Amino acid sequence: MVSRRALLLFLSVGAIWGTPYFFIALALEHFQTVSIVFLRVLLGALVLLPIALRKGMLRRTLQAWPSVLAFALLEMVGPWWLITEAERDISSSLAGLLITTVPFIAAFFVGLLGDKSAWHPVTVLGLVVGFSGVVSLVGLDVFSGLVGLSPVLMVLAAAVGYAVAPIVANRMPSDVPTLGVIAVSLTMVTIIYAPFAAFTLPADIAASPSLEAWGSVLFLGFVCSALAFVLFFALIREIGPARASLLTYVNLAVALLLGVVFLAEPLTLGMLVGLPLVAIGSYLASRRREAYVRKSRRGHKSADKSSEIPETL
Numbered sequence: 356m357v358s359r360r361a362l363l364l365f366l367s368v369g370a371i372w373g374t375p376y377f378f379i380a381l382a383l384e385h386f387q388t389v390s391i392v393f394l395r396v397l398l399g400a401l402v403l404l405p406i407a408l409r410k411g412m413l414r415r416t417l418q419a420w421p422s423v424l425a426f427a428l429l430e431m432v433g434p435w436w437l438i439t440e441a442e443r444d445i446s447s448s449l450a451g452l453l454i455t456t457v458p459f460i461a462a463f464f465v466g467l468l469g470d471k472s473a474w475h476p477v478t479v480l481g482l483v484v485g486f487s488g489v490v491s492l493v494g495l496d497v498f499s500g501l502v503g504l505s506p507v508l509m510v511l512a513a514a515v516g517y518a519v520a521p522i523v524a525n526r527m528p529s530d531v532p533t534l535g536v537i538a539v540s541l542t543m544v545t546i547i548y549a550p551f552a553a554f555t556l557p558a559d560i561a562a563s564p565s566l567e568a569w570g571s572v573l574f575l576g577f578v579c580s581a582l583a584f585v586l587f588f589a590l591i592r593e594i595g596p597a598r599a600s601l602l603t604y605v606n607l608a609v610a611l612l613l614g615v616v617f618l619a620e621p622l623t624l625g626m627l628v629g630l631p632l633v634a635i636g637s638y639l640a641s642r643r644r645e646a647y648v649r650k651s652r653r654g655h656k657s658a659d660k661s662s663e664i665p666e667t668l
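Under my numbering, the first residue of the sequence shown is numbered 356, with each subsequent residue one higher.
Printed below as a string of structure tokens:
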């Protein structure tokens with residue numbers, strides 16, 4: 356049974372993380388990709404780092420710096436550049452659809468890490484159905500000339516990062532503070548992007564971006580980065596990374612609504628065919644694993660404990 360707190364966190368993060376695709380599209384009209392990512396992480400770090408410092412969280416967080424850096428690379432450094440750059444050539448709604456592959460990608464990696472239930476026939480079926488949805492999407496839209504293959508592959512690569520990053524985060528020692536991980540991660544990414552932004556940002560600012568573009572960047576930094584990550588880590592602690600990855604469906608609903616209504620983006624044949632397959636595949640890939648956990652907790656008490664699957668992976 357999911358608690359009310361978990362449900363509220365799930366809906367909140369899902370709604371917030373459905374908006375970046377829309378605001379990225381607006382920001383791209385006046386900013387380069389590197390500038391957008393840099394400003395996003397810089398603003399998030401400026402909010403969270405002082406708080407983490409004041410609460411005395413940095414020392415313990417920095418002791419786990421390899422895991423924090425791995426999370427930052429998988430969740431921010433790669434995916435945020437890939438998605439932002441890809442949206443120069445594809446719609447924000449298509450980007451949101453492609454990110455719904457995260458749950459079944461996560462199921463695959465969890466299986467590789469030793470969760471035997473991930474190779475149950477139902478789970479495998481989910482992986483196959485979800486992958487067929489991606490193939491349908493790519494085949495119908497790419498080969499019909501509606502979108503290019505390169506940006507689609509870029510977003511799918513970002514989805515892989517999104518799938519693995521929560522697993523890395525959830526395997527950190529429990530005494531590593533969540534806020535510290537987010538603050539240090541954003542700071543690390545800021546440092547990584549700073550040399551590149553030094554070349555692009557001055558030119559972008561000199562071009563006098565619109566208030567709409569600045570507002571989009573501010574929202575990406577303060578809400579989609581600082582606030583959303585605090586809520587997301589709280590969600591992982593409540594329900595684990597596997598179920599937390601299912602919030603991509605809420606993301607998609609918000610991304611489609613904003614893209615179609617406010618940006619007049621089309622719903623292509625590939626999206627209409629691929630979306631149900633990806634959604635069904637992701638559901639099956641995640642559902643079977645949780646059913647296995649409930650079953651193993653109710654019965655099979657005599658089974659070897661080494662074979663049990665923890666709910667938070």
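Virtual Cβ for every residue (Gly too), placed ideally from N, Cα, C.
These numbers come from a predicted model, not from an experiment.
{"Item": "Sub-7 angstroms separation of Ser-491 and Val-628 beta-carbons", "Value": "yes"}
{"Item": "Ile-353 versus Leu-394 - alpha carbon distance", "Value": "No answer is possible for residue 353: the residues shown for the chain start at 356 and end at 668."}
{"Item": "Where Gly-411 sits in the DSSP three-state scheme", "Value": "coil"}
{"Item": "DSSP three-state assignment for Trp-353, whether helix, strand or coil", "Value": "The displayed coordinates of the chain run from 356 to 668. Any statement about residue 353 would go beyond what the structure contains."}
{"Item": "Entirely enclosed alpha helix (DSSP H) segments - the stretch 441–511, minimum 4 residues", "Value": "447–454, 457–467, 476–492"}
{"Item": "Pro-521, buried or exposed, once every other Cβ within 10 Å from all chains shown has been counted against 16", "Value": "buried"}
{"Item": "Alpha-carbon to alpha-carbon, Leu-590 and Leu-366", "Value": "10 angstroms"}
{"Item": "Reduced DSSP category for Trp-569 - H, G, I as helix; E, B as strand; rest coil", "Value": "helix"}
{"Item": "Touch test, the stretch 422–438 against the stretch 525–543, Cβ-Cβ under 8 angstroms, three pairs minimum", "Value": "yes"}
{"Item": "For Asn-606 and Gly-373, believed in contact at Cβ under 8 angstroms, the rounded distance", "Value": "4 angstroms"}
{"Item": "Euclidean distance between Cα positions of Gln-418 and Arg-409", "Value": "17 angstroms"}
{"Item": "As assigned by DSSP and simplified to three states, the class of Gly-373", "Value": "coil"}
{"Item": "DSSP state of Ala-419 mapped onto helix, strand, coil", "Value": "coil"}
{"Item": "Opening and closing residue of the alpha helix (DSSP H) in which Phe-554 lies", "Value": "533–561"}
{"Item": "Rounded separation between Ile-454 and Pro-532 - CA only", "Value": "27 angstroms"}
{"Item": "Close-in-space but distant-in-sequence residues of the same chain around Arg-360 (CB under 8 angstroms, 5 per side omitted)", "Value": "Glu-593"}
{"Item": "Proximity winner among Asp-530, Phe-459, Ser-565, relative to Gly-516 (alpha-carbon distances)", "Value": "Phe-459"}
{"Item": "Alpha-carbon to alpha-carbon, Ala-634 and Tyr-604", "Value": "8 angstroms"}
{"Item": "Leu-639 Cβ short of 6 angstroms to the ligand HEM heavy atom set", "Value": "Of ligands this structure carries none, so the ligand HEM is not represented either."}
{"Item": "First and last residue of the uninterrupted alpha helix (DSSP H) at Thr-603", "Value": "603–617"}
{"Item": "Straight-line gap, Thr-416 to Val-423 (C-alpha atoms, nearest Å)", "Value": "8 angstroms"}
{"Item": "Beta-carbon proximity check, Thr-545 vs Leu-437, cutoff 7 angstroms", "Value": "no"}
{"Item": "Straight-line gap, Ala-370 to Thr-388 (C-alpha atoms, nearest Å)", "Value": "23 angstroms"}
{"Item": "Beta-carbon proximity list for Ala-568, same chain, < 7 angstroms, skipping 5 on both sides", "Value": "Leu-381, Ala-382, Glu-384, His-385, Phe-386"}
{"Item": "Own chain partners of Ala-581 with C-beta closer than 6 angstroms, once the 5 adjacent residues on each side are dropped", "Value": "Gly-399, Val-402, Leu-403"}
{"Item": "Three-state class that DSSP yields for Glu-593 in the structure shown", "Value": "helix"}
{"Item": "Expected contact under 8 angstroms - CB spacing of Phe-378 and Ser-571 to nearest Å", "Value": "4 angstroms"}
{"Item": "Environment of Val-465 [buried if 16+ CB atoms lie within 10 Å]", "Value": "buried"}
{"Item": "Reference Val-493; option with closest CA among Gly-625, Ala-561, Ala-552, Leu-612", "Value": "Gly-625"}
{"Item": "Where Met-626 sits in the DSSP three-state scheme", "Value": "helix"}
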